[in-house]
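Residue numbers (this note's numbering): 18 to 323.
Here a beta-carbon is modelled for each residue, glycine too, at the ideal position from N, C-alpha and C.
Here's the structure, in C-alpha coordinates; my notes come after.
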Amino acid sequence: MKSNSSDTLALLTERDLIPEGTAYDPGSKRLFISSMYKRKIVAIEQNGQYYDFIESAADDLWSTFGMEVDGKRNKLWVISTKGKSIPTAPAILDDRWQSRLYCYDITSKKLTGIYQVNATVKEDFGFNDLTVAENGDVYITESITNKIFMLKYGVQEIEEFLKPDGFTFLNGITLSQDNKTLFVSGTEGLLKIDVATKHYSILQSEFTTQPQAIDGLAFFNNSLIAHQGSLIRRFYLNHALDSIIDQKLIDEHNLNSSTTGEIGENGWYYYIANSQIRSGVDYTRKRVRSLDSLQEVLIKRRKLQP
18 MKSNSSDTLA LLTERDLIPE GTAYDPGSKR LFISSMYKRK IVAIEQNGQY YDFIESAADD
78 LWSTFGMEVD GKRNKLWVIS TKGKSIPTAP AILDDRWQSR LYCYDITSKK LTGIYQVNAT
138 VKEDFGFNDL TVAENGDVYI TESITNKIFM LKYGVQEIEE FLKPDGFTFL NGITLSQDNK
198 TLFVSGTEGL LKIDVATKHY SILQSEFTTQ PQAIDGLAFF NNSLIAHQGS LIRRFYLNHA
258 LDSIIDQKLI DEHNLNSSTT GEIGENGWYY YIANSQIRSG VDYTRKRVRS LDSLQEVLIK
318 RRKLQP
(Lines of atoms letter the chains of each structure in order from A and count residues from 1; the text may use other names and numbers.)
(Lines give C-alpha, C1' and ligand atoms only; values in the text may rest on other atoms or scores of the structure.)
Protein backbone atom coordinates (compact mmCIF):
# COMPACT_ATOMS: atom_id res chain seq x y z
CA MET A 1 0.00 0.00 0.00
CA LYS A 2 1.51 3.32 -1.08
CA SER A 3 0.92 6.76 0.40
CA ASN A 4 0.69 10.10 -1.37
CA SER A 5 3.58 11.26 -3.55
CA SER A 6 6.65 13.31 -2.61
CA ASP A 7 7.86 16.55 -4.10
CA THR A 8 11.21 18.34 -4.23
CA LEU A 9 12.27 20.77 -1.52
CA ALA A 10 15.71 21.50 -2.98
CA LEU A 11 18.29 20.25 -5.46
CA LEU A 12 21.81 20.84 -4.14
CA THR A 13 24.34 21.30 -6.94
CA GLU A 14 27.29 20.36 -4.72
CA ARG A 15 27.52 16.78 -5.97
CA ASP A 16 30.30 15.71 -3.62
CA LEU A 17 28.50 16.89 -0.50
CA ILE A 18 27.80 13.26 0.58
CA PRO A 19 25.07 14.27 3.05
CA GLU A 20 24.17 12.05 6.00
CA GLY A 21 22.08 13.69 8.72
CA THR A 22 18.96 15.86 8.79
CA ALA A 23 17.41 18.16 11.39
CA TYR A 24 14.37 20.43 11.25
CA ASP A 25 14.01 23.70 13.15
CA PRO A 26 10.35 24.61 13.78
CA GLY A 27 11.34 28.15 14.79
CA SER A 28 12.94 29.18 11.50
CA LYS A 29 11.30 26.40 9.44
CA ARG A 30 14.70 25.46 8.03
CA LEU A 31 16.04 22.02 7.29
CA PHE A 32 19.66 21.29 8.17
CA ILE A 33 21.76 18.76 6.24
CA SER A 34 25.11 17.42 7.45
CA SER A 35 27.99 16.58 5.10
CA MET A 36 30.24 13.60 5.75
CA TYR A 37 32.77 14.62 3.09
CA LYS A 38 32.74 18.43 3.32
CA ARG A 39 32.72 18.59 7.15
CA LYS A 40 29.96 21.18 7.26
CA ILE A 41 26.24 21.87 7.73
CA VAL A 42 23.89 23.20 5.04
CA ALA A 43 20.65 25.07 5.80
CA ILE A 44 17.67 24.88 3.43
CA GLU A 45 14.80 27.38 3.44
CA GLN A 46 11.21 26.42 2.64
CA ASN A 47 11.57 28.07 -0.79
CA GLY A 48 14.44 25.72 -1.66
CA GLN A 49 17.24 28.23 -1.26
CA TYR A 50 20.24 26.85 0.61
CA TYR A 51 23.56 28.00 2.02
CA ASP A 52 26.32 26.92 4.37
CA PHE A 53 25.08 27.28 7.94
CA ILE A 54 28.43 26.11 9.35
CA GLU A 55 31.32 26.21 6.86
CA SER A 56 33.72 23.36 6.12
CA ALA A 57 35.94 22.43 9.08
CA ALA A 58 34.76 25.42 11.11
CA ASP A 59 35.35 24.89 14.83
CA ASP A 60 37.50 21.90 13.80
CA LEU A 61 34.43 19.92 12.74
CA TRP A 62 35.17 16.43 11.48
CA SER A 63 32.68 14.55 9.30
CA THR A 64 29.18 15.56 10.33
CA PHE A 65 26.65 12.77 10.78
CA GLY A 66 23.47 12.66 12.87
CA MET A 67 21.86 15.94 13.96
CA GLU A 68 18.77 17.10 15.81
CA VAL A 69 17.24 20.41 16.82
CA ASP A 70 16.25 21.08 20.43
CA GLY A 71 13.59 23.64 19.63
CA LYS A 72 12.81 24.42 23.27
CA ARG A 73 16.41 25.55 23.87
CA ASN A 74 17.17 26.81 20.33
CA LYS A 75 20.07 24.36 19.90
CA LEU A 76 21.38 22.29 17.01
CA TRP A 77 23.15 19.12 18.15
CA VAL A 78 25.66 17.63 15.70
CA ILE A 79 27.73 14.44 15.69
CA SER A 80 31.30 14.95 14.50
CA THR A 81 33.26 11.77 13.68
CA LYS A 82 36.55 10.83 12.03
CA GLY A 83 37.96 7.43 11.15
CA LYS A 84 40.28 5.36 9.01
CA SER A 85 37.94 4.89 6.06
CA ILE A 86 36.13 8.25 6.00
CA PRO A 87 37.28 10.62 3.22
CA THR A 88 37.06 14.32 4.03
CA ALA A 89 37.77 17.69 2.45
CA PRO A 90 39.76 19.28 3.98
CA ALA A 91 41.56 16.03 4.75
CA ILE A 92 42.03 14.91 8.36
CA LEU A 93 45.53 13.56 8.96
CA ASP A 94 44.80 11.79 12.25
CA ASP A 95 42.49 9.00 11.14
CA ARG A 96 41.94 7.22 14.45
CA TRP A 97 38.26 6.52 15.11
CA GLN A 98 36.97 9.24 17.40
CA SER A 99 33.81 11.29 17.88
CA ARG A 100 32.61 14.45 19.55
CA LEU A 101 29.25 16.10 20.06
CA TYR A 102 28.84 19.73 18.98
CA CYS A 103 26.14 22.18 20.03
CA TYR A 104 25.28 25.37 18.14
CA ASP A 105 22.93 28.22 18.96
CA ILE A 106 20.56 28.29 16.00
CA THR A 107 19.97 32.04 15.94
CA SER A 108 23.57 33.22 16.26
CA LYS A 109 25.23 30.12 14.69
CA LYS A 110 27.74 30.31 17.54
CA LEU A 111 29.30 27.16 18.94
CA THR A 112 28.11 26.76 22.54
CA GLY A 113 29.89 23.52 23.42
CA ILE A 114 31.95 20.52 22.34
CA TYR A 115 31.32 17.38 24.39
CA GLN A 116 33.46 14.25 24.61
CA VAL A 117 33.14 10.84 26.26
CA ASN A 118 34.49 10.52 29.77
CA ALA A 119 38.03 9.29 30.33
CA THR A 120 36.93 5.74 31.19
CA VAL A 121 36.28 5.03 27.48
CA LYS A 122 39.65 3.92 26.06
CA GLU A 123 38.67 2.09 22.87
CA ASP A 124 38.05 3.51 19.39
CA PHE A 125 34.45 4.56 18.86
CA GLY A 126 32.31 6.17 16.18
CA PHE A 127 29.12 8.08 16.94
CA ASN A 128 26.47 7.75 14.25
CA ASP A 129 23.08 9.28 15.09
CA LEU A 130 21.32 11.02 17.96
CA THR A 131 18.00 12.06 19.42
CA VAL A 132 17.14 14.73 21.99
CA ALA A 133 14.63 14.24 24.82
CA GLU A 134 12.21 16.91 26.06
CA ASN A 135 14.33 17.36 29.20
CA GLY A 136 17.43 18.13 27.12
CA ASP A 137 19.17 14.76 27.45
CA VAL A 138 20.92 13.58 24.27
CA TYR A 139 21.07 9.89 23.29
CA ILE A 140 23.69 8.76 20.76
CA THR A 141 24.24 5.55 18.80
CA GLU A 142 27.80 4.25 18.38
CA SER A 143 28.45 1.83 15.53
CA ILE A 144 31.91 0.35 16.22
CA THR A 145 31.56 -1.04 19.74
CA ASN A 146 27.76 -1.11 19.44
CA LYS A 147 26.79 1.05 22.38
CA ILE A 148 24.34 3.81 23.17
CA PHE A 149 25.81 6.88 24.85
CA MET A 150 24.11 9.70 26.70
CA LEU A 151 24.81 13.33 27.48
CA LYS A 152 22.66 14.33 30.43
CA TYR A 153 21.32 17.85 30.35
CA GLY A 154 23.68 20.21 32.17
CA VAL A 155 26.54 17.66 32.31
CA GLN A 156 29.84 18.20 30.49
CA GLU A 157 30.87 14.60 29.70
CA ILE A 158 29.19 11.94 27.60
CA GLU A 159 28.71 8.61 29.37
CA GLU A 160 27.80 5.09 28.30
CA PHE A 161 24.07 4.44 28.59
CA LEU A 162 23.68 0.86 27.35
CA LYS A 163 25.41 -1.90 25.41
CA PRO A 164 22.66 -4.22 24.15
CA ASP A 165 24.11 -7.73 23.90
CA GLY A 166 23.81 -9.44 20.53
CA PHE A 167 23.10 -6.30 18.52
CA THR A 168 25.56 -4.82 16.04
CA PHE A 169 26.05 -1.61 14.04
CA LEU A 170 23.65 0.52 16.05
CA ASN A 171 22.51 3.32 13.80
CA GLY A 172 19.16 5.14 13.70
CA ILE A 173 17.64 6.33 16.97
CA THR A 174 14.41 8.07 17.96
CA LEU A 175 12.17 8.60 20.99
CA SER A 176 8.48 7.84 21.47
CA GLN A 177 6.09 10.75 21.88
CA ASP A 178 6.12 10.44 25.69
CA ASN A 179 9.94 10.12 25.74
CA LYS A 180 9.73 6.89 27.74
CA THR A 181 10.93 4.60 24.95
CA LEU A 182 13.97 4.65 22.67
CA PHE A 183 13.90 2.91 19.30
CA VAL A 184 17.28 1.95 17.81
CA SER A 185 18.10 0.23 14.52
CA GLY A 186 20.78 -2.42 14.28
CA THR A 187 21.82 -5.17 11.90
CA GLU A 188 19.49 -7.62 13.65
CA GLY A 189 16.39 -5.40 13.56
CA LEU A 190 14.72 -2.69 15.62
CA LEU A 191 15.26 -2.40 19.36
CA LYS A 192 12.75 -1.05 21.86
CA ILE A 193 14.47 0.30 24.99
CA ASP A 194 12.78 1.44 28.19
CA VAL A 195 14.59 4.67 29.10
CA ALA A 196 13.99 4.33 32.85
CA THR A 197 14.90 0.64 33.31
CA LYS A 198 17.16 0.14 30.24
CA HIS A 199 15.27 -3.08 29.51
CA TYR A 200 15.40 -3.82 25.79
CA SER A 201 13.77 -6.19 23.33
CA ILE A 202 13.53 -6.58 19.58
CA LEU A 203 10.36 -5.36 17.88
CA GLN A 204 8.21 -8.23 16.70
CA SER A 205 6.73 -8.14 13.20
CA GLU A 206 3.79 -9.88 11.55
CA PHE A 207 5.35 -9.41 8.10
CA THR A 208 7.94 -11.28 6.07
CA THR A 209 9.59 -7.94 5.33
CA GLN A 210 11.70 -7.43 8.43
CA PRO A 211 12.78 -4.03 9.78
CA GLN A 212 16.47 -4.60 9.06
CA ALA A 213 19.28 -2.65 7.36
CA ILE A 214 17.78 0.60 8.62
CA ASP A 215 19.71 3.86 8.69
CA GLY A 216 17.60 6.87 9.69
CA LEU A 217 14.66 6.43 12.04
CA ALA A 218 11.86 8.82 13.07
CA PHE A 219 8.80 8.41 15.31
CA PHE A 220 5.45 9.76 14.12
CA ASN A 221 1.92 9.02 15.41
CA ASN A 222 2.67 5.56 16.85
CA SER A 223 4.75 4.58 13.84
CA LEU A 224 8.38 4.50 12.77
CA ILE A 225 9.67 6.00 9.52
CA ALA A 226 12.63 3.86 8.47
CA HIS A 227 15.23 4.47 5.77
CA GLN A 228 16.42 1.26 4.10
CA GLY A 229 18.77 2.55 1.41
CA SER A 230 16.71 2.29 -1.75
CA LEU A 231 13.33 2.68 -0.07
CA ILE A 232 11.60 4.29 2.90
CA ARG A 233 8.96 2.43 4.90
CA ARG A 234 6.54 3.36 7.64
CA PHE A 235 6.08 0.70 10.31
CA TYR A 236 2.89 1.03 12.36
CA LEU A 237 3.15 -0.13 15.98
CA ASN A 238 0.65 -1.60 18.43
CA HIS A 239 -0.44 0.27 21.56
CA ALA A 240 2.35 -1.31 23.64
CA LEU A 241 4.93 -0.19 21.05
CA ASP A 242 6.50 -3.65 20.99
CA SER A 243 5.19 -5.04 17.68
CA ILE A 244 4.81 -3.93 14.06
CA ILE A 245 1.19 -4.45 13.01
CA ASP A 246 1.16 -2.78 9.60
CA GLN A 247 3.54 -1.21 7.10
CA LYS A 248 3.39 1.23 4.22
CA LEU A 249 5.86 2.12 1.50
CA ILE A 250 6.70 5.83 1.71
CA ASP A 251 9.08 6.17 -1.24
CA GLU A 252 11.08 3.95 -3.58
CA HIS A 253 11.61 6.27 -6.56
CA ASN A 254 15.22 6.91 -7.56
CA LEU A 255 16.57 6.60 -4.03
CA ASN A 256 20.33 6.16 -3.71
CA SER A 257 21.27 5.53 -0.08
CA SER A 258 18.49 7.61 1.42
CA THR A 259 20.14 7.97 4.81
CA THR A 260 17.89 10.04 7.05
CA GLY A 261 14.84 12.27 7.32
CA GLU A 262 13.13 14.47 9.87
CA ILE A 263 9.56 15.19 10.91
CA GLY A 264 8.60 18.82 10.39
CA GLU A 265 5.39 20.63 11.25
CA ASN A 266 1.88 19.50 10.30
CA GLY A 267 3.03 16.01 9.34
CA TRP A 268 5.58 17.03 6.71
CA TYR A 269 8.53 14.68 6.37
CA TYR A 270 11.82 15.97 4.89
CA TYR A 271 14.51 13.58 3.70
CA ILE A 272 17.69 13.02 1.71
CA ALA A 273 16.83 11.04 -1.43
CA ASN A 274 20.32 10.32 -2.77
CA SER A 275 23.16 10.72 -0.30
CA GLN A 276 25.39 8.48 -2.50
CA ILE A 277 27.17 7.55 0.72
CA ARG A 278 27.82 4.09 -0.73
CA SER A 279 27.85 4.47 -4.52
CA GLY A 280 29.74 7.77 -4.44
CA VAL A 281 32.52 6.82 -2.04
CA ASP A 282 35.50 4.48 -2.43
CA TYR A 283 36.16 3.61 1.21
CA THR A 284 39.09 1.34 0.39
CA ARG A 285 40.99 4.21 -1.24
CA LYS A 286 39.43 6.75 1.12
CA ARG A 287 38.15 9.07 -1.60
CA VAL A 288 34.96 10.37 -3.17
CA ARG A 289 34.39 9.41 -6.79
CA SER A 290 34.73 11.92 -9.64
CA LEU A 291 32.14 14.69 -9.89
CA ASP A 292 30.94 13.54 -13.30
CA SER A 293 29.92 10.21 -11.76
CA LEU A 294 27.94 11.83 -8.94
CA GLN A 295 24.41 13.24 -8.87
CA GLU A 296 23.11 16.55 -7.61
CA VAL A 297 21.69 16.00 -4.13
CA LEU A 298 17.90 15.74 -4.04
CA ILE A 299 16.06 16.75 -0.86
CA LYS A 300 12.42 15.65 -0.85
CA ARG A 301 9.37 16.18 1.32
CA ARG A 302 6.09 14.36 1.79
CA LYS A 303 2.93 15.02 3.76
CA LEU A 304 2.41 12.00 5.98
CA GLN A 305 -1.08 10.65 6.58
CA PRO A 306 -2.20 10.29 10.24
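In this chain, the beta strand (DSSP E) harbouring Val314 covers Val314 to Lys320. Going by DSSP, Phe236 is part of the beta strand (DSSP E) stretching over Leu234 to Phe237. Out of Pro107, Phe166, Lys126 and Ala150, the CA that lies nearest to the CA of Leu118 is found in Phe166. Taking the Cα of Asp154 as reference, the smallest distance to any Cα among Leu128, Leu199 and Phe184 is reached at Leu199.
Taken in chain order, the complete beta strand (DSSP E) segments of 3 or more residues contained in the segment 188 to 253 are 190 to 192, 198 to 203, 206 to 211, 217 to 219, 234 to 237 and 240 to 244. Thr162 and Lys99 have their C-alpha atoms some 15 Å from each other.
9 Å or more divides the Cβ of Leu147 from the Cβ of Lys164. Residue burial is scored here from C-beta neighbours: Asn283 has fewer than 16 other C-beta atoms within 10 angstroms and is therefore classed as exposed. Short of 8 Å from the beta carbon of Leu308, and not among the five residues preceding or following it, lie these beta carbons of its own chain, in chain order: Arg32 and Asp33.
With a 10 Å radius around the Cβ and a threshold of 16 neighbouring Cβ atoms, Tyr170 comes out exposed.
Assignment of Ser310 by DSSP, reduced to helix, strand and coil, places it in the helix class. Closest in C-alpha terms to Pro323, from the list Phe236, Ala290, Trp114 and Asn145, comes Phe236. With a cutoff of 9 Å on beta-carbon distance, Asp24 and Arg318 are scored as near each other. In the three-state reduction of the DSSP assignment, Asn291 falls in the coil class, being assigned neither a helical nor a strand state. Rounded to the nearest whole angstrom, the CA to CA distance from Ala60 to Pro36 is 12 Å. Across the structure, Ser240 and Gln312 are spaced so that their CA atoms are roughly 31 Å apart. By the C-beta density criterion, Arg302 is exposed, having fewer than 16 other C-beta atoms within 10 angstroms. Non-local beta-carbon contacts of Glu205 in its own chain, meaning distances under 8 Å to residues more than five positions away in sequence, involve Gly183, Phe184, Thr185, Ile219 and Gln229 in chain order. Taken through DSSP and simplified to helix, strand or coil, Asn163 comes out as coil.
In terms of CA proximity to Ala108, Lys57 leads the group Lys57, Gly143, Ser125 and Lys215.
In the structure shown, Asn152 falls within a coil segment according to DSSP collapsed to helix, strand and coil. Shown here for Lys101: same chain residues with a beta carbon closer than 6 Å to its own, the five before and five after excluded, namely Asp112 in chain order.
When the five nearest sequence neighbours on each side are left out, the beta carbons in the same chain lying within less than 7 Å of the beta carbon of Asp263 are those of Tyr253, in order along the chain. Beta-bridge partners assigned by DSSP to Leu168: Val155. Judged by DSSP in its simplified three-state form, Glu279 adopts strand. Secondary-structure assignment with DSSP links Trp285 through a beta bridge to Lys320. Comparing C-alpha distances from Ser45 to each of Lys89, Leu28, Lys55 and Ser51 shows the shortest one belongs to Lys89.
Taking a C-beta distance under 9 Å as the contact criterion, Tyr132 and Leu168 qualify as a contact pair.
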